[in-house]
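Visitor:
Numbering (the UniProt record's numbering), first residue to last: 1 to 385.
Here it is as structure tokens:
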């Protein structure tokens with residue numbers, strides 16, 4: 001079905017969602033989800049434009065997703081759709097089990113409030129993580145796999161026996177004391193995205209793509225490259241600011257240009273962007289919260305990073321809401337490629353990327369692999385995606 005670019009400055013509900021007037025329910029929901037995730041206030045803190053856009057998107061879908069409201073809207077516009085709220089019971093509501101309040105008596109068009117927009121969003125996606133998958137595509141879709149926990153000491157790792165080039169811990173990584181759902185993050189390499197089944201737990205099969213004059217692509221073994229298929233959002237784009245917040249998946253890393261090629265969601269369009277323009281939407285587990293201890297060990301998805309506050313915005317699967325957490329309370333999955341920051345003892349490491357291979361619950365430190373022979377151990381607060 002042909003689509004147009006969403007026009008959030010329009011007053012027309014179809015134009016706002018970027019769908020034709022004959023769009024079916026599936027196309028409407030797909031358009032709403034894509035835009036609502038992009039402009040969600042929790043993903044865009046302190047951004048009034050995002051809040052306003054989120055309200056407009058929600059209001060548009062709330063009307064068009066209800067058959068009777070849509071019919072009245074098509075015939076009489078917004079005031080006609082609002083009139084459905086004054087009709088007898090059974091006249092329809094915007095989505096199952098949800099209705100935003102009718103407009104004031106005496107006429108006028110009612111616009112959805114921020115609270116109503118959030119309630120509508122929560123009601124529609126109450127049973128799933130709306131931020132963490134793209135219709136079954138991408139590495140972050142669904143909950144982490146329940147993989148058998150397997151780890152070993154720094155000096156005797158299977159699959160190569162690599163040594164750490166930098167230690168900040170006096171003791172080796174141990175595999176005891178992990179809750180079962182945290183253990184699943186650091187299971188054996190078999191079946192874990194980003195690792196080969198036969199090369200040991202540190203054998204990454206993903207890397208950059210080198211192009212030669214004959215068009216042949218070769219895959220190299222690297223640990224500082226985000227795996228293909230990882231779900232990302234674009235951020236900090238200057239030349240194409242309208243794309244900031246759009247989602248896509250990593251295609252490959254072009255090391256010669258120092259850029260990732262990403263494919264935009266629901267599109268054949270690709271873009272070449274710097275690593276700093278990507279935010280990975282990866283699964284995490286929550287760790288060592290004192291204020292809400294019941295969340296410790298539960299699953300979430302990273303949806304944003306607030307630089308001014310130094311916190312992640314995490315969509316909590318158990319709470320079905322977004323919470324703000326410091327990096328030390330966020331356990332990244334094994335296989336996640338992250339960046340090192342703020343290491344005073346080894347400043348030359350800051351800015352480098354590596355693959356998370358292990359995590360120690362007692363010290364809250366990661367083993368991060370930078371290359372075939374280099375694994376470092378760093379505190380969680382020095383690791384960022």
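Using N, Cα and C, we set each Cβ at its ideal position, and we do this for glycine too.
Computed from a predicted model, the values in this text were never measured in an experiment.
Mind checking whether residue 36 and residue 121 have CB atoms under 8 Å apart?
Guide: Stepping through the chain shown from its first residue, residue 36 is reached at position 36. Stepping through the chain shown from its first residue, residue 121 is reached at position 121. The answer is yes: Cβ separation under 8 Å.
Visitor: Short check: CB of residue 42 to CB of residue 313, under 8 Å?
Guide: As a position in the chain shown, residue 42 is number 42, starting the count at 1. As a position in the chain shown, residue 313 is number 313, starting the count at 1. The answer is yes: Cβ separation under 8 Å.
Visitor: Note the first and the last residue of the continuous beta strand (DSSP E) segment covering residue 369.
Guide: As a working note, residue 369 is residue 369 in the chain shown. First-last of the beta strand (DSSP E) with residue 369: 365 to 371.
Visitor: Any chance the region 294 to 305 sits against the region 315 to 333, with 3 or more Cβ pairs inside 8 Å?
Guide: The answer is yes - the region 315 to 333 touches the region 294 to 305, with three or more Cβ pairs under 8 Å.
Visitor: By DSSP, does residue 361 sit in helix, in strand, or in coil?
Guide: Counting from one through the chain shown, the residue named residue 361 turns up at place 361. Coil.
Visitor: Count the other CB atoms within 10 Å of the CB of residue 344; is the residue buried (16 or more) or exposed (fewer)?
Guide: Translated into the one-based positions of the chain shown, residue 344 becomes position 344. By the neighbour-count rule (16 or more Cβ atoms within 10 Å), residue 344 is not buried but exposed.
Visitor: Can you give me the C-alpha to C-alpha distance between residue 328 and residue 338, rounded to a whole angstrom?
Guide: For the purposes of this step, residue 328 is identified with residue 328 of the chain shown, where counting begins at 1. For the purposes of this step, residue 338 is identified with residue 338 of the chain shown, where counting begins at 1. Rounded to the nearest angstrom, the two C-alpha atoms are 14 Å apart.
Visitor: If you draw a straight line from the C-alpha of residue 247 to the C-alpha of residue 325, how long is it?
Guide: The sequence position of residue 247 within the chain shown is 247, counting from 1. The sequence position of residue 325 within the chain shown is 325, counting from 1. Rounded to whole angstroms, residue 247 to residue 325 spans 22 Å at the Cα level.
Visitor: Any idea what DSSP makes of residue 253, helix, strand or coil?
Guide: For the purposes of this step, residue 253 is taken as residue 253 along the chain shown, with counting starting at 1. It is a strand residue.
Visitor: Answer yes or no: do residue 385 and residue 349 have a C-beta to C-beta separation smaller than 8 Å?
Guide: Within the chain shown, residue 385 is the residue found at index 385, counting from 1. Within the chain shown, residue 349 is the residue found at index 349, counting from 1. Contact flag unset, no.
Visitor: Where does residue 263 fall in DSSP's three states?
Guide: Translated into the one-based positions of the chain shown, residue 263 becomes position 263. In this structure, residue 263 counts as strand in the three-state DSSP scheme.
Visitor: Considering only DSSP beta bridges, list what residue 306 is partnered with.
Guide: For the purposes of this step, residue 306 is identified with residue 306 of the chain shown, where counting begins at 1. For residue 306, which the question treats as bridged, DSSP gives the partners 311.
Visitor: Can you have a look at residue 238 and say buried or exposed, based on whether 16 or more other CB atoms are within 10 angstroms of its CB?
Guide: Counted from its first residue, the chain shown places residue 238 at position 238. Flag for residue 238 reads exposed.
Visitor: Whose CA, out of 243, 114, 378, lies closest to the CA of residue 270?
Guide: Indexing the chain shown from 1 puts residue 270 at position 270. Residue 270 has its Cα closest to that of 243, out of 243, 114, 378.
Visitor: Does the beta-carbon of residue 4 have 16 or more other beta-carbons within 10 angstroms, so that it is buried, or is it exposed?
Guide: The residue given as residue 4 occupies position 4 in the chain shown. Under this definition residue 4 is an exposed residue.
Visitor: In or out: residue 48 buried (at least 16 other Cβ within 10 Å) or exposed?
Guide: Residue numbering aside, residue 48 sits at position 48 when the chain shown is read from its first letter. Looking at its Cβ environment, which holds fewer than 16 other Cβ atoms inside 10 Å, residue 48 is exposed.
Visitor: Taking its Cβ as the centre, do 16 or more other Cβ atoms sit within 10 Å of residue 58, making it buried, or is it exposed?
Guide: For this step, residue 58 is matched to residue 58 along the chain shown. Classification of residue 58: buried, given that the 10 Å Cβ count is 16 or more.
Visitor: Hey, could you find the ends of the alpha helix (DSSP H) residue 63 is sitting in?
Guide: As a working mapping, residue 63 is identified with position 63 in the chain shown. Run containing residue 63: 48 to 64, per the alpha helix (DSSP H) assignment.
Visitor: By a C-beta neighbour count over all protein chains shown, 10 Å radius and 16 as the cutoff for buried, is residue 20 buried or exposed?
Guide: Taking the chain shown and counting its residues from 1, one reaches residue 20 at position 20. By the 10 Å Cβ count, residue 20 comes out exposed.
Visitor: Using a Cβ-Cβ cut-off of 8 Å (strictly less than) and excluding sequence neighbours within five positions of residue 381, which residues of its own chain qualify?
Guide: One-based indexing of the chain shown puts residue 381 at position 381. Here the set comprises 326, 327, 328, 342.
Visitor: Out of 224, 330, 30, which one is the CA nearest neighbour of residue 254?
Guide: Here residue 254 corresponds to residue number 254 of the chain shown, with the count starting at 1. Ranking the options by Cα distance to residue 254, first place goes to 224.
Visitor: Got a sec, what are the start and stop residues for the alpha helix (DSSP H) residue 293 sits in?
Guide: What you label residue 293 is simply residue 293 of the chain shown in a count that begins at 1. Taken as a continuous stretch (DSSP letters only), residue 293 belongs to no alpha helix (DSSP H), as it is neither H nor E.
Visitor: Starting from residue 374 and walking both ways along the alpha helix (DSSP H), at which residues does that stretch end?
Guide: Within the chain shown, numbered from 1, the residue matching residue 374 stands at position 374. Premise fails: residue 374 lies in the beta strand (DSSP E), 374 to 379, not in any alpha helix (DSSP H).
Visitor: Whole angstroms is fine: what's the gap from residue 229's alpha carbon to residue 306's?
Guide: Walking along the chain shown from the start, residue 229 turns up at place 229. Walking along the chain shown from the start, residue 306 turns up at place 306. The alpha-carbon atoms of residue 229 and residue 306 are separated by roughly 24 Å.
Visitor: Determine the contact status of residue 272 and residue 236, defining contact as a CB-CB distance below 8 Å.
Guide: Taking the chain shown and counting its residues from 1, one reaches residue 272 at position 272. Taking the chain shown and counting its residues from 1, one reaches residue 236 at position 236. Cβ atoms of residue 272 and residue 236: not closer than 8 Å.
Visitor: Taking the alpha helix (DSSP H) that residue 34 belongs to, which residues open and close that run?
Guide: Stepping through the chain shown from its first residue, residue 34 is reached at position 34. Residue 34 -> alpha helix (DSSP H) spans 25 to 39.
Visitor: Suppose you measure from the CA of residue 75 to the CA of residue 289; what does that come to, to the nearest Å?
Guide: By one-based count along the chain shown, residue 75 stands at place 75. By one-based count along the chain shown, residue 289 stands at place 289. Their backbone Cα atoms lie some 53 Å apart in a straight line.
Visitor: Taking residue 359 as the reference, give the member of 351, 6, 368 with the closest Cα.
Guide: Here residue 359 is taken as the residue at index 359 of the chain shown, counted from 1. Cα-wise, what sits closest to residue 359 is 368.
Visitor: What is the DSSP secondary structure of residue 11, counted as helix, strand or coil?
Guide: Along the chain shown, one-based indexing puts residue 11 at 11. Residue state, collapsed to three classes: coil.
Visitor: Would you kindly report the start and end of the unbroken beta strand (DSSP E) that includes residue 321?
Guide: Position 321 of the chain shown holds residue 321. Unbroken beta strand (DSSP E) run through residue 321: 321 to 325.
Visitor: Which residue comes first and which comes last in the beta strand (DSSP E) that contains residue 280?
Guide: Taking the first residue of the chain shown as position 1, residue 280 is located at position 280. Residues 278 to 280.
Visitor: Would you decide whether residue 44 is buried or exposed? Buried here means 16 or more other CB atoms lie within 10 Å of its CB.
Guide: Position 44 of the chain shown, counted from the start, is the residue given in the question as residue 44. Looking at its Cβ environment, which holds 16 or more other Cβ atoms inside 10 Å, residue 44 is buried.
Visitor: Check the C-beta distance from residue 260 over to residue 226 and give it rounded, since I have them as a contact under 8 Å.
Guide: In the chain shown, residue 260 corresponds to position 260, counting from 1. In the chain shown, residue 226 corresponds to position 226, counting from 1. With 8 Å as the limit, residue 260 and residue 226 qualify as a contact, their Cβ atoms being about 7 Å apart.
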